[in-house]
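What follows is a short report on a single structure.
4 protein chains.
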Amino acid sequence: MDFSTPPELQDLLQRAGAFMEAEVYPLEDAARESFEDALEACNEARERCKAAGLWAPQMPPEYGGMGLGFLPHAHMSEILGRSPLGHYVFGCQAPDAGNMEILHKFGTAEQQDRWLRPLAAGQIRSCFSMTEPGRAGSNPTWMDTTAVRDGNEWVINGRKWFTSGGHLADFAIVMAVTSPDTTPHKRASQIIVPTDTPGFRHVRRLSIMGDLGYGWQSHSEIAYEDCRVPVDNLLGQEGFGFMIAQERLGPGRIHHCMRWLGICERAFDMMCARASERLIAPGRPLGSQQVIQHWIAESRAEIDSARLLVYQAAWKIDREGTRAARNEISAIKFHAAGVLQRVIDRAIQVHGGLGMTDDTPLSWFFRHERAARIYDGPDEVHKTVLARTILKKYGIELGSQGS
Amino acid sequence: MDFSTPPELQDLLQRAGAFMEAEVYPLEDAARESFEDALEACNEARERCKAAGLWAPQMPPEYGGMGLGFLPHAHMSEILGRSPLGHYVFGCQAPDAGNMEILHKFGTAEQQDRWLRPLAAGQIRSCFSMTEPGRAGSNPTWMDTTAVRDGNEWVINGRKWFTSGGHLADFAIVMAVTSPDTTPHKRASQIIVPTDTPGFRHVRRLSIMGDLGYGWQSHSEIAYEDCRVPVDNLLGQEGFGFMIAQERLGPGRIHHCMRWLGICERAFDMMCARASERLIAPGRPLGSQQVIQHWIAESRAEIDSARLLVYQAAWKIDREGTRAARNEISAIKFHAAGVLQRVIDRAIQVHGGLGMTDDTPLSWFFRHERAARIYDGPDEVHKTVLARTILKKYGIELGSQGS
Amino acid sequence: MDFSTPPELQDLLQRAGAFMEAEVYPLEDAARESFEDALEACNEARERCKAAGLWAPQMPPEYGGMGLGFLPHAHMSEILGRSPLGHYVFGCQAPDAGNMEILHKFGTAEQQDRWLRPLAAGQIRSCFSMTEPGRAGSNPTWMDTTAVRDGNEWVINGRKWFTSGGHLADFAIVMAVTSPDTTPHKRASQIIVPTDTPGFRHVRRLSIMGDLGYGWQSHSEIAYEDCRVPVDNLLGQEGFGFMIAQERLGPGRIHHCMRWLGICERAFDMMCARASERLIAPGRPLGSQQVIQHWIAESRAEIDSARLLVYQAAWKIDREGTRAARNEISAIKFHAAGVLQRVIDRAIQVHGGLGMTDDTPLSWFFRHERAARIYDGPDEVHKTVLARTILKKYGIELGSQGS
Amino acid sequence: MDFSTPPELQDLLQRAGAFMEAEVYPLEDAARESFEDALEACNEARERCKAAGLWAPQMPPEYGGMGLGFLPHAHMSEILGRSPLGHYVFGCQAPDAGNMEILHKFGTAEQQDRWLRPLAAGQIRSCFSMTEPGRAGSNPTWMDTTAVRDGNEWVINGRKWFTSGGHLADFAIVMAVTSPDTTPHKRASQIIVPTDTPGFRHVRRLSIMGDLGYGWQSHSEIAYEDCRVPVDNLLGQEGFGFMIAQERLGPGRIHHCMRWLGICERAFDMMCARASERLIAPGRPLGSQQVIQHWIAESRAEIDSARLLVYQAAWKIDREGTRAARNEISAIKFHAAGVLQRVIDRAIQVHGGLGMTDDTPLSWFFRHERAARIYDGPDEVHKTVLARTILKKYGIELGSQGS
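Protein chains in written order, with this note's numbering: chain H, 25 to 427; chain X, 25 to 427; chain G, 25 to 427; chain A, 25 to 427.
Right, here's the structure in full:
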């Protein structure tokens with residue numbers, strides 16, 4: 025058992041952290057209202073990030089990335105997560121990052137050439153169309169979007185939302201039912217759809233917690249209306265949609281958790297700084313209040329223990345694969361999301377009125393990371409799934425909804 | 025002991041509720057992005073509200089109001105609170121309502137003629153300048169804004185923020201230190217400042233949780249720069265600023281609490297409706313999930329008990345006055361704010377992705393009512409004050425910060 | 025709406041409170057290890073209680089009681105609840121009190137003469153046999169104990185536990201299945217069984233949270249082994265067992281809640297006293313700690329709001345009957361139990377090591393009132409039932425287990 | 025970073041676990057009422073433990089122990105903690121274990137021969153007298169017990185309580201003020217007092233949460249009344265009492281935390297087993313309830329993350345010493361205690377009425393481990409200390425009580 029970080033990783037993290045402070049944090053003010061306003065500056069920072077050898081930590085060198093293993097990338101993800109702009113500037117922003125991953129794992133050589141290479145280079149953008157407004161995201165096998173084969177084409181029909189980055193994407197990867205009559209987990213396939221395909225209709229950017237957003241910081245509603253793409257646009261095999269989604273989501277949850285811990289650290293730091301600087305009476309800092317001290321202490325313990333739990337899950341994925349670590353992934357997903365929400369809440373309370381304003385990143389975190397308990401499987405689903413697996417060892421079999 | 029609502033009040037509440045559903049809720053969609061977009065429609069609804077005899081429930085008939093007592097108005101406040109637009113349409117929106125109250129109690133006849141009458145009629149708008157960016161709102165006696173007498177004028181200097189409605193207001197009531205050398209609670213006075221006075225500078229609308237807002241739904245930063253007003257603009261006596269603020273805030277907290285309970289009921293209703301309509305599998309509503317049932321049950325108990333606590337405080341104010349009910353007011357302020365936050369949070373979780381969008385009022389409640397635990401005294405101050413009063417009966421005297 | 029207590033009730037409560045302090049609290053030390061050690065002294069206090077006109081507040085005068093209505097008795101119950109000995113000394117201790125109630129409502133004249141009269145006078149003792157070790161108490165219609173009619177006798181077989189006071193009782197009222205093939209809620213009947221009946225076997229007093237207890241403060245396991253009683257011992261009609269149990273439990277839950285609030289007040293008072301007296305440094309009381317102040321404030325708000333919720337439920341029972349107040353009763357049951365546990369927990373923490381000892385009543389409350397969230401329907405059942413009723417208004421019907 | 029357990033440690037833990045199940049759990053029933061009843065059987069099990077080579081894991085081989093390092097012993101501590109009897113049977117029970125540790129570190133050769141050797145062999149028993157009834161344990165430098173030098177003797181006067189195992193101990197180590205006028209942390213010394221010394225008066229065993237206890241499972245009040253011991257009985261140097269106590273408490277907290285995690289695992293296992301076996305309706309196990317599933321999932325995540333936090337602290341102690349790991353120790357102390365209380369509480373609720381009885385170890389855990397948040401520094405002190413250290417980095421210095 026060894027809790028130390030290897031010196032070379034420590035060094036890398038320090039460089040990444042320094043880059044964040046020098047190049048990323050200063051862009052936040054401009055991005056606060058809308059990512060659009062900071063886009064150009066972010067893109068310039070991307071070039072500096074490439075020059076600094078910090079681009080695309082998760083991608084193999086042949087795609088211009090750093091080729092970090094899973095656990096080291098988890099460490100990176102925390103550093104980048106401290107700013108809403110970090111992952112974008114470093115070339116590993118959702119949903120592009122997840123799309124790169126599945127294109128890399130399941131794409132044909134042609135698909136990789138056409139889509140993955142420019143995506144990894146940051147030259148094009150992508151989106152991922154899975155969630156539907158009419159169906160509960162907590163039951164991902166139940167969807168209405170269909171892709172029917174017609175000659176050499178898939179004809180896709182349906183409506184998706186929370187298709188992040190949809191309004192600027194060059195292509196979408198869409199989940200659609202291709203075999204409605206088979207077992208639920210084999211009904212859907214993933215298909216690549218260039219966004220200029222007729223029948224791909226961008227309905228609207230959803231206004232989310234007060235923001236329309238822009239680019240990957242936006243979430244679109246998309247209508248697929250007799251949208252036709254070549255059969256070769258199938259990603260992986262027919263009926264593998266759900267399996268690929270799992271491959272995408274499992275490790276993705278680790279990255280989310282690490283990003284949340286980055287947010288926690290940022291909020292924690294702001295909370296402590298505010299507690300130290302703000303006076304409640306002459307000569308008496310806010311941090312002299314015992315209740316605030318206790319929030320600081322509780323946050324410290326919660327963040328640190330949650331981080332270890334995430335590390336351990338990442339370590340297990342590295343050694344035994346995503347499937348073996350399913351329980352661990354479920355546990356960190358809801359556990360870290362809970363820590364995140366509590367820490368942000370305390371940091372806002374310590375900031376008082378200022379915490380309500382958009383003068384600090386806390387408001388952005390508070391508003392947009394409320395979704396942490398919802399996306400990629402709500403808390404309730406992960407808890408149920410974890411408990412079901414545990415109870416199986418005690419001899420009882422429960423359905424996926426727990427009863 | 026009697027928990028019934030008198031029939032005539034019940035009838036009034038029903039009429040108010042029906043007006044809300046018919047005239048106010050439909051305006052919400054337009055107001056979602058900015059109150060500005062719904063302003064004209066809201067003003068038309070105000071006229072219908074006057075015509076329906078529901079205008080300004082808290083004001084005496086001579087000012088065009090309904091002349092309700094304190095407890096009945098608390099009941100009304102819950103009904104109106106169900107929509108972010110309710111209080112505006114009914115003519116009892118903060119900060120105008122509070123300003124009406126103190127002008128009515130402490131204003132001279134001239135002041136009442138010039139400011140109160142048109143304010144009560146909804147013809148002009150006002151704001152209240154108390155909180156300062158450089159000083160903790162939790163210690164209201166510590167402020168930097170000063171008003172120095174120079175001949176027949178007050179010369180005001182300082183910076184305020186969270187001056188709600190400041191960008192459209194016709195006049196401000198500003199708290200400023202007039203006697204810096206006396207005992208803390210007697211240092212400040214309240215002064216009426218027309219917003220077209222030279223030296224009243226509107227710095228900016230603060231962006232709050234993603235919204236610039238508009239009108240009373242906005243919060244401004246104001247600079248007072250050698251701003252001169254006649255000495256007659258003093259509200260009440262010199263040095264009474266803090267006392268008047270208490271008179272304003274005490275009952276105001278009841279109204280906030282009742283408004284929050286209105287929000288709770290709206291969110292609760294949406295949560296139950298969503299749990300009933302949304303299917304997680306064919307034929308299986310979300311509300312079949314035991315965890316969601318428990319959120320519903322816990323919310324019901326928490327809302328109902330909090331409401332009774334607020335009623336009791338209002339009842340005590342009606343009988344014994346604000347000062348006698350100080351403990352009760354402190355208790356409801358933090359207790360109801362906590363219930364509010366929990367109920368909104370649960371309602372969002374039940375809505376899943378939809379709860380994150382601005383397609384429902386939940387996002388607005390979640391974002392803007394996070395401030396409930398901060399404004400008018402943060403939870404921490406109210407808890408400390410309440411405990412201090414209780415412990416005094418046990419023989420120990422503690423300073424206002426609790427140690 | 026009126027939150028005042030009528031002067032005559034106030035006066036009564038004051039007298040009861042004074043009696044508690046003078047006559048009951050002093051008996052606690054002796055009773056701490058086992059109620060047995062204080063029994064004689066308690067019985068003497070009972071006589072003084074009768075002499076003071078405070079005996080059996082809930083019983084009609086013809087049975088020697090005070091004949092209080094439901095809401096006034098709820099008030100009394102809080103006063104008596106402050107000590108584990110209160111209800112016994114005042115002649116309204118569970119399970120005797122509940123048995124008196126159902127004998128009064130459903131007993132024949134003969135049954136009342138033989139069992140109710142001496143029970144109300146405190147001359148005999150009783151117990152109530154419902155819960156079974158082999159069946160979940162949360163599903164009361166599922167029980168294994170049977171009563172089969174054989175000529176003029178019921179032949180009872182089965183095993184019960186948590187039969188409070190079973191080892192000293194003169195008679196038991198036992199729930200047994202008499203019509204196994206009918207609809208679940210009509211299967212059982214209640215039958216009076218003198219404890220000297222052959223086949224009534226007292227197996228053991230359960231050791232509960234460290235105490236064997238004694239008398240009503242003990243909980244027995246009872247075996248019914250071909251236990252025969254006359255058919256006339258049926259209480260009410262055949263198949264009415266469940267209905268009578270509901271009649272017994274509904275109002276009983278109010279009394280439990282009020283008793284818990286009495287415990288809360290006692291613990292709250294001890295917490296404040298300790299915070300005032302205990303020094304953490306010379307001249308610095310424990311209560312100067314902000315965290316402790318906040319526990320005090322939160323406890324105050326939680327207790328007061330919970331009490332109002334219980335009052336309202338009692339008021340509704342008084343006006344509309346138990347059935348109409350079912351939702352309110354479910355809500356207070358879990359809500360007040362939660363408040364109870366939190367307040368006791370805080371009081372113990374404030375007492376530090378002393379709180380762990382049996383030198384104060386806190387340990388007894390902590391240990392034995394953990395059951396508050398379990399008996400008379402665990403929290404989970406009450407929440408599910410309440411939510412189910414609420415959701416029915418939204419158009420969905422859910423089974424009793426919620427799914 | 026490596027989360028694996030070395031194979032040889034895994035093997036050892038498995039052997040220890042097997043010994044627990046075969047030799048220790050079966051003794052629990054007898055020990056439930058009082059450890060006294062199981063003493064002889066426990067002592068026999070100790071001999072088998074020695075024979076199995078599992079005795080005194082923390083002691084060096086020259087004292088008959090296994091000589092485990094700190095982190096391996098932490099692992100052992102979790103296994104032993106699953107039963108209230110584990111540490112006793114394995115020869116590493118508090119307070120003996122802590123006394124061995126400080127005698128080993130600070131004792132003279134004579135002291136070690138006389139006290140440590142037989143103690144490590146399990147031939148004699150000891151106690152540790154620090155906490156005083158009249159002084160807050162949260163401020164350990166403030167004590168009233170004094171040791172005044174008189175010739176070749178210390179004359180000790182004062183009153184202690186929570187002197188665990190005091191009624192059977194052969195010697196006590198007592199903290200007493202020897203230099204009242206120096207700086208607070210240097211006022212006290214530790215002195216060895218044979219319990220047959222005149223003036224060592226055993227006042228009583230405290231009744232703790234319903235149990236008088238016996239041996240180390242008991243906590244005594246001790247009066248030191250002109251109690252004289254030779255000056256050579258000083259442990260370490262004069263004025264080093266507090267420092268030695270810190271050396272004893274720091275690692276001791278790790279052991280407590282690991283023991284708590286052992287309890288958590290035991291309670292978790294019982295919770296899952298009960299959820300699987302108990303039916304709430306025919307064919308429907310309790311574990312089909314979603315709320316119970318969520319308790320299981322939350323417990324799993326909380327236990328696992330807390331354990332990693334404790335491991336990390338132990339790992340740091342191993343590498344950098346106790347002082348360097350002070351923050352980590354404070355964090356785990358309150359964090360793990362909180363997890364412990366929540367897990368036990370959930371396990372009891374899942375057990376329903378059975379959870380209230382002493383038929384399972386849950387009641388013992390619930391009652392006696394409530395103290396986990398109090399002893400060795402209450403939560404509140406550890407939180408304050410941790411926050412103070414953190415805030416120091418932000419430039420503010422706060423007193424030890426946080427204000």
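Note that CB positions come from ideal geometry on N, CA and C, so glycine has one too.
- Task: Name, going along the chain, the residues of the region 365-389 of chain A whose beta-carbon falls closer than 7 Å to a beta-carbon of chain G.
- Result: Listed by position, the residues of the region 365-389 of chain A near chain G (Cβ gap below 7 Å) are Ile372, Gln373, Gly376, Gly377, Met380, Thr381, Asp382, Ser387.
- Message: Going by DSSP in three states, threonine 187/A sits in which element: helix, strand or coil?
- Response: Assigned with DSSP and collapsed to three states, threonine 187/A falls in strand.
- At a CB-CB cut-off below 9 Å, which residues of chain H make contact with cysteine 296/A? Ala411, Ile414, Leu415, Lys417, Tyr418
- Item | Partners in chain X for aspartate 235/H, counting only beta-carbon separations shorter than 8 Å | Gly234
- Message: To be precise: take each residue of the region 310-335 of chain H, compare its Cβ to all Cβ atoms of chain D, and keep it if any distance is under 7 Å. Which residues remain?
- Response: Judged by its chain identifiers, the structure shown contains no chain D, and its protein chains are H, X, G and A.
- Task: Tell me, please, which residues DSSP counts as bridged to isoleucine 215/A.
- Result: Val198/A, Leu258/A
- Query: Going along the chain, which unbroken runs of the beta strand (DSSP E) with 3 or more residues stay wholly within the region 97-156 of chain G?
  - Reply: 150-153
- Any idea what DSSP makes of glycine 274/X, helix, strand or coil? Here glycine 274/X sits in helix by DSSP.
- chain X residues whose Cβ lies nearer than 9 Å to that of threonine 170/G: None at all; the shortest Cβ gap to chain X is about 31 Å.
- Are the beta-carbon atoms belonging to methionine 124/A and methionine 83/A less than 8 Å from one another? yes
- Task: Measure how close the beta-carbons of glutamine 314/A and glutamine 313/X come, nearest whole angstrom, since I'm counting them as under 8 Å.
- Result: 6 Å
- Taking glycine 237/G as the reference, which of Gly158/A, Ala171/A, Asp382/A has the closest Cα? Asp382/A
- Query: When the cut-off is 8 Å and only beta carbons count, does leucine 95/H lie next to chain A?
  - Reply: Answer yes: the Cβ-Cβ gap between leucine 95/H and chain A drops below 8 Å somewhere.
- Query: Bridge partners of methionine 182/A, per DSSP?
  - Reply: Per the sequence shown, residue 182/A should be read as glycine rather than methionine. According to DSSP, glycine 182/A bridges with Tyr248/A.
- Task: Could you tell me which of Ile216/X, Ala371/X, Arg72/X, Pro50/X sits nearest to alanine 297/X, measuring between CA atoms?
- Result: Ala371/X
- Item | Exposed unless 16 or more other CB atoms sit within 10 angstroms - verdict on serine 28/A | Answer is exposed; the Cβ neighbour count stays below 16.
- Message: Can you check whether the C-beta of alanine 355/A is within less than 8 Å of a C-beta belonging to chain H?
- Response: yes
- Can the beta-carbon of lysine 357/G be found less than 8 Å from the beta-carbon of aspartate 400/G? yes
- Query: Beta carbon of threonine 219/X, beta carbon of phenylalanine 195/X: below 8 Å?
  - Reply: yes
- alpha helix (DSSP H) containing valine 374/X: first to last residue? 350-375
- Message: Between Leu285/X, Gly93/X, Pro402/X, which has its C-alpha nearest glycine 376/H's C-alpha?
- Response: Pro402/X
- Message: With H, G and I counted as helix, E and B as strand and the rest as coil, what does DSSP make of phenylalanine 224/X?
- Response: strand
- Which residues does DSSP pair with histidine 243/A in a beta bridge? DSSP output for histidine 243/A lists Ser188/A as bridge partner(s).
- Can you pull the chain H residues whose beta carbon is under 7 Å from the beta carbon of histidine 359/A, in chain order? Chain H residues near histidine 359/A: Ala325, Ser329.
- Item | Helix, strand or coil at proline 309/H according to DSSP, with G and I counted as helix | strand
- Query: Quick one, are the C-beta atoms of leucine 386/X and alanine 299/X less than 8 Å apart?
  - Reply: No, these two residues do not count as a Cβ contact at 8 Å.
- Whole-angstrom distance between isoleucine 414/X and phenylalanine 152/H, CA atom to CA atom: One C-alpha to the other measures close to 57 Å.
- Message: Out of Arg229/A, Ser162/A, Asn176/A, Gly161/A, which one is the CA nearest neighbour of leucine 192/A?
- Response: Residue nearest to leucine 192/A within the set Arg229/A, Ser162/A, Asn176/A, Gly161/A is Arg229/A (criterion: CA-CA distance).
- Task: Could you tell me the distance, in whole angstroms, from the CA atom of arginine 395/H to the CA atom of methionine 380/X?
- Result: Note that residue 395/H is alanine in the sequence shown here, rather than arginine. Alanine 395/H and methionine 380/X: Cα-Cα distance of roughly 7 Å.
- Please work out which residues of its chain come closer than 7 Å, Cβ to Cβ, to tyrosine 112/A, disregarding the five sequence neighbours upstream and downstream, and give them in chain order. Leaving aside the five residues that flank tyrosine 112/A on each side, the residues in its chain whose CB is nearer than 7 Å to its CB run, in chain order, Cys66, Trp240.
- Query: In this structure, what does DSSP give as the bridge partners for leucine 303/H?
  - Reply: Pro309/H
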